[in-house]
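Residue numbers (UniProt numbering): 1 to 575.
Glycine included, C-beta positions come from ideal geometry on N, C-alpha and C.
This report refers to the structure that appears directly beneath it.
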């Protein structure tokens, strides 16, 4: 059957993304090995041992790489573009200089890797999953009667069961939710087809999701809870499990990381022998609905968490298995990662649906994370001044038992937001001077009473994160430094700490201009500065207005001017 124009457009996007991803991989594979090792794009491996059951234990060589748990790699002898001995191996854990990999490979392949070998990034062709999903949308009753009209903006999405709405709102109020949370929960339960809930940082969106799931299950509904990552799914499932409703996770081995013991997991939904006759919640990625893990299951409602990072084709993959849809996200935070120059590159499924159904979406407007001082700028800049801090007054001030003389301005309780100019000249994606400064500030804060696990460090680059971790280990020792979350913006969304240091790293003007769209991206900046509860320290370039205005691309120029506005809102400290 020929696909409709809108589905053809989505299919074109899927294939453009695949081609862009493969081109990016091939470019990397073809780089000189020496350069890749130096930049951390390749990991040297000293030995590979099979543990059975598809697991490999890999002893790492001396170089530092950018890889982390969850990444997919290929193993090769030095020329990945010519021959990859093992492909699509997933890093399940990294401990004491070793990786635990999960891979499908024969002993003969492993034998080729007994001498020194190397790991490069790898990828998987997912186009067959999308082809199946889009074909189902084109031919199934749900696709023809609901999804295609929804995509064409011809579905009446303002239909609401008023009795269910009122009952859900009343129950949410009894549970102590605020007015907007009650309204959001009610829409999530009672909307006929679609509910869009915008959850800015710290507004309790996971609490709302868990209440929606509970009420739907109690009404006998089968609910699919999905997102773009296992981490997002697992965080939501843990909260839902607290509501004492039947809930499981369906995933391959490794997808259960971070799940509470109350949530059982299976590699196939068919293995859930205690499946209730009534309502339940199953957590899984959209891809699971295209395999025998969940292909035979149908759902009444599909709930998307972190919906702002889900592309429209990926959303449709899960939507075809349900009758109604609840999207929970924040299009002012990180968008999907788009590699191709696609007409769809600007938006997620969430931004698409919330733009078309703005009258019937709800924004949660009370943040319980950030102090009033830290809420003010992001509220005015990203949320039309509607985001209000409801953090308790007595917990809204950063306080150390004693303030170190060396950093008395940086760590002062009277200065919740501090800006420090990036040290070093012409630094790009790693800055040792700045890493040492960050580690020294952290050391002082810990020495004078702040718990290490109440500190988080956000940076744009993996290489700079590695440098900071190395400096922290030297300064605090391995054990204490491991309590401090140091990561990129992408990995920090959804997390919070008492004190956050945003380490921007770059000081090379030409480099900053070249990557301005990434470096100053509004959504990334929003995520970075909304992680702290009471203390924000921003270390970054002090750009001039003329520098910002000289940036050619409109969106990047606007974001750079926002960054300047943020600096003006801070308390500058000279180091």
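Query                                                                                                 : Result
Cβ-Cβ separation, residue 307 to residue 328 (assumed contact under 8 Å), whole Å                     : 6 Å
DSSP state of residue 93 mapped onto helix, strand, coil                                              : strand
For residue 206 and residue 245, the rounded distance between their alpha carbons                     : 15 Å
Extent of the continuous alpha helix (DSSP H) run through residue 10                                  : 5-29
Strand pairing of residue 120, partner residues [DSSP]                                                : 74
Distance between beta carbons of residue 91 and residue 101, contact taken as under 8 Å               : 6 Å
As assigned by DSSP and simplified to three states, the class of residue 205                          : helix
Cβ contact (3+ pairs, closer than 8 Å) linking the region 550-560 and the region 513-526              : yes
Cutoff 7 Å; reference residue 477; Cβ partners in own chain excluding five residues on either side    : none
Inter-stretch contact (C-beta, 8 Å, three-pair minimum) for the region 366-374 and the region 193-201 : yes
Helix, strand or coil at residue 284 [DSSP, three-state]                                              : coil
Those residues which DSSP pairs with residue 304 across a bridge                                      : 226 and 327
Inter-residue spacing [alpha-carbon to alpha-carbon] between residue 561 and residue 160              : 42 Å
The beta strand (DSSP E) enclosing residue 188, as first and last residue numbers                     : First-last for residue 188: 179-190, but that is the alpha helix (DSSP H), not the beta strand (DSSP E).
8 Å contact criterion, which residue 146 and residue 193 should meet: CB distance rounded             : 7 Å
Boundaries (first-last residue) of the alpha helix (DSSP H) holding residue 126                       : Where residue 126 is concerned, there is no enclosing alpha helix (DSSP H), given that its DSSP letter is neither H nor E.
Exposure label - residue 343; buried when at least 16 CB within 10 Å                                  : Any reading at residue 343 must be qualified, since the residue scores a pLDDT of 48, below 50, and its modelled position is unreliable; the value itself is stated next. Burial call: exposed.
Cα-Cα separation, residue 298 to residue 318                                                          : 10 Å
Sufficient close CB pairs (3 or more, under 8 Å) joining the region 207-218 to the region 531-547     : no
7 Å CB neighbourhood of residue 493 in its chain, flanking five on each side removed                  : 333, 334 and 527
Residue 173, enclosing beta strand (DSSP E) - first and last residue                                  : Element bounds for residue 173: not the beta strand (DSSP E) but the alpha helix (DSSP H), 162-174.
Residue 262 versus 248, 365, 11 and 433, residue with shortest Cα-Cα distance                         : 248
Residue 449 and residue 497 closer than 8 Å at C-beta                                                 : no
Supposed contact pair residue 6 and residue 313 - C-beta distance, whole angstroms, cut 8 Å           : Contact flag wrong, Cβ pair sits at about 11 Å.
Proximity to residue 163 [Cα-Cα], best of 191, 255 and 302                                            : 191
Simplified DSSP state of residue 343, which is helix, strand or coil                                  : Low confidence applies here, because residue 343 scores a pLDDT of 48, under 50, leaving its location unreliable; read the following figure in that light. Correct three-state label for residue 343: coil.
First through last residue of the beta strand (DSSP E) which encompasses residue 552                  : Segment: none, residue 552 is in no beta strand (DSSP E) and carries neither H nor E.
Status (buried if at least 16 other CB within 10 Å, exposed otherwise) for residue 524                : buried
Where the beta strand (DSSP E) through residue 98 begins and ends                                     : 98-102
C-alpha gap between residue 259 and residue 435, whole angstroms                                      : 33 Å
Pick from 88, 404, 363 and 428 that is closest to residue 445, judged by C-alpha positions            : 404
Contact under 8 Å by Cβ, residue 503 with residue 464                                                 : yes
Among 390, 266 and 420, nearest to residue 574 - alpha-carbon criterion                               : 420
Per-residue burial, residue 309 [other beta carbons within 10 Å of its own, 16 or more giving buried] : buried
Own chain, CB closer than 7 Å to residue 290, minus 5 neighbours either side, in chain order          : 129, 132, 133 and 317
Where residue 269 sits in the DSSP three-state scheme                                                 : helix
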